[in-house]
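K.L.:
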Amino acid sequence: MPLPAPKVAFIAGCNGVSGNALVEYLIRQPKTEWSRIVVSSRSPLKNYWQDPRVEFLSIDFLKPVDDIMETMQPLCKEVTHAYFAAYVHTDDFSKLKEMNVPLFKNFLTAIDTVAGDSLQRVCLQTGGKHYGAHLGPTESPLHEGMSRYDDKGENFYYDQEDFLFALHKQRKWSWNVIRPNAIIGFTPGKNGMSQALTLALYILVCKEQGEVPIFPGNKYVYNAVDDNSFAGGLADISVWATTNEHTKNEDFVHVNGDCFVWRYFFQKIGKYFGVDIPPQTEFLELGADQKFGNGLKMADWSKDKKPIWESICKKYGGNPEAIEWGTWGFLDWTTGKAWPTISTMSKARKFGWHRHDDTYETWVETYKSFENAGVLPRNHLLHTAAGKSAGSDEAKVMNGIQQLFS
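If you count by this note's numbering, then the sequence shown holds residues 101 to 506, one letter each, in order.
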């Protein structure tokens, strides 16, 4: 009996956290399973992979679809599995649709046309916005059986899905939709939503200024249960879903499988960077009555911090440009919400996907990747510096709290 023909992947958005993780996952699979991995991004390639199967195409999916197909023709005729991880972010949720709907429509139209009968599966990555969790209180935990909410025509995920479903009815290929929640992962450059990197920048700048980092959100979320989606696990479930027959034409939520409470998690992240963060008892915003609010607006706080970050990089290493990669508005949202947004993995478990990722470990792994890439200072250098200054004035360390509540 002959071996099955190897698959050919096409990944749109390889410079992002999700797309980068997909490439990293696939290059670890044998050539007998994946013979080629075609990757694309509209910006220059930020990373490189020592795997001859990886081939890069520079594609802006907001350009005319005929131009896109012409670019794809030489490399994408044999694509069997197409993964859409591209995304254009803005903190103004009402403007997401005008950019992201044509982005996906052009992607799907182009790969469907160029790959033709070779195409077997299309994977669309969306997220928690599908359930309206970004706008206010909704059913929790989030799950695949929830009905669409009244989005006033603004939720671009619905338009993307509807286009996918309509074209699928006319074709032989199958689809999957994967919905992560607050993705944690590495990419060697600016990304639309980068919670882990942004929090690291905040803590390290506070440390350099001799201030204790204040939890920037509200009292509700500080004490609430939350969850994340690790990019490595997200890549895993995406490939699993798209390569099994019993999972075709199914949607799956993705989170790590555990939960955390910011009260304790914030302290653990601080400790990783050599900063002792005491429990916080005073809050400028309470998050009462499910009202969004931040005690400290990160978008405002970050505006004058570039010189401080550059000083940190000179002392301990790191990329001086990384302060510009902080997604401060996104951090404002993740710490300013005042309602639960956790998800359940029950459906995926029932279908046979059993991976579990420890959320704190995924943050540490992500930070190690940023350190290896020269984006963040090496952790051991920060701890060495902390040891030398351990006897400094305690009043100086409490400066951040005093300033905030004065």
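Beta carbons: idealized from backbone N, C-alpha and C, even for Gly. In this text the structure is predicted, and so the values were computed from the model without any measurement.
1) Less than 8 Å between C-beta atoms, sequence neighbours within five positions excluded: which residues of the same chain meet that for I412?
2) Restricting to runs no shorter than 3 residues, where is the beta strand (DSSP E) found entirely within the region 313-389?
3) Counting C-beta neighbours from all protein chains within 10 Å, is the total for S469 16 or more, i.e. buried, or is it exposed?
4) Any idea what DSSP makes of S286, helix, strand or coil?
5) Put E155 into one of helix, strand or coil per three-state DSSP.
6) Do N356 and T462 have their C-beta atoms closer together than 8 Å?
7) C223 bridges to which residues according to DSSP?
8) What does the Cβ neighbour count give for T381, buried or exposed, with the cut at 16 atoms within 10 Å?
9) For E178 versus V108, is the C-beta distance shorter than 8 Å?
10) For A473 and R363, I'd like the C-alpha separation in whole angstroms.
11) Answer yes if the region 233-249 comes into contact with the region 435-448, meaning at least three C-beta pairs across the two stretches below 8 Å, and no otherwise.
12) Alpha carbon to alpha carbon, what distance is there between V138 and P174?
13) Would you say P313 lies against chain B (beta-carbon separation less than 8 Å)?
14) Just checking, does the region 385-395 make contact with the region 251-269 on the three C-beta pairs under 8 Å criterion?
15) From the DSSP secondary-structure annotation, give me the bridge partner or partners of W134.
16) Evaluate E198 with the Cβ neighbour count: other Cβ atoms within 10 Å of its Cβ, from every protein chain shown; 16 or more gives buried, anything less gives exposed.
17) For G232, which residues of its own chain have a beta-carbon under 6 Å away from its beta-carbon, when the five flanking residues on both sides are left out?
18) Y258 to T213, Cα distance in whole Å?
19) In terms of DSSP beta bridges, what is L145 paired with?
20) Between the Cα of R128 and those of E410, G332, L384, spot the shortest distance and give me the residue it belongs to.
21) For the alpha helix (DSSP H) containing V188, list its first residue and its last residue.
22) How should L384 be labelled, buried or exposed, when 16 other C-beta atoms within 10 angstroms of its C-beta is the threshold for buried?
23) Please state the DSSP three-state secondary structure of A112.
24) For G387 and L103, I'd like the C-alpha separation in whole angstroms.
25) Give me the DSSP bridge partner(s) of L242.
26) Which class does S411 belong to by DSSP, given the choice of helix, strand or coil?
27) Since E124 contacts P106 with CB under 8 Å, what's their CB separation in whole angstroms?
28) Between which residues of its own chain and A422 is the CB-CB distance below 6 Å, once the five residues before and five after are set aside?
29) Pick helix, strand or coil for V475, following the three-state DSSP scheme.
30) For T209, which residues in the same chain have their Cβ closer than 7 Å to its Cβ, ignoring the five residues on either side in sequence?
31) Counting only the same chain and skipping the five closest in sequence on each side, list residues whose C-beta sits under 6 Å from that of Y183.
32) Give every residue of the same chain whose Cβ lies closer than 6 Å to the Cβ of G119, excluding the five residues on either side of it in the sequence, and list them in chain order.
33) Throw me the rounded Cβ distance for the T180 and L219 pair, which I believe falls under 8 Å.
34) Using a Cβ-Cβ cutoff of less than 8 Å, which residues in the same chain neighbour N499 once the five nearest sequence positions on both sides are dropped?
35) Rounded to whole angstroms, what is the Cα-Cα separation between G116 and F161?
P.N.:
Looking at the coordinates:
1) L304, V305, E308, G418, P477
2) The beta strand (DSSP E) runs lying completely inside the region 313-389 and spanning 3 residues or more are 350-354, given in chain order.
3) buried
4) In the sequence as displayed, the identity of residue 286 is Phe instead of Ser. In this structure, F286 counts as coil in the three-state DSSP scheme.
5) strand
6) yes
7) Y183, N276
8) exposed
9) yes
10) 30 Å
11) Counting Cβ pairs under 8 Å, three or more are found: they touch.
12) 11 Å
13) Of the protein chains in the structure, only one exists, and it is not chain B.
14) no
15) Beta-bridge pairing by DSSP links W134 to K107.
16) It is exposed - the Cβ of E198 has fewer than 16 other Cβ atoms within 10 Å.
17) T238, Y249
18) Straight-line Cα distance between these residues: approximately 23 Å.
19) Its beta-bridge partners do not exist; DSSP assigns none.
20) G332
21) Note, V188: premise wrong, no alpha helix (DSSP H); not H, not E.
22) exposed
23) strand
24) Straight across, the Cα-Cα distance linking G387 with L103 is about 58 Å.
25) S443
26) helix
27) Not confirmed; about 19 Å, so no contact.
28) V475
29) coil
30) Contacts found: V165.
31) I111, L122, C223
32) I111, G113, A185
33) 7 Å
34) Confidence at N499 is low in this model, with a pLDDT of 46, below 50, so its placement is unreliable and no value can be given for it.
35) When rounded, the distance between both Cα atoms is 15 Å.
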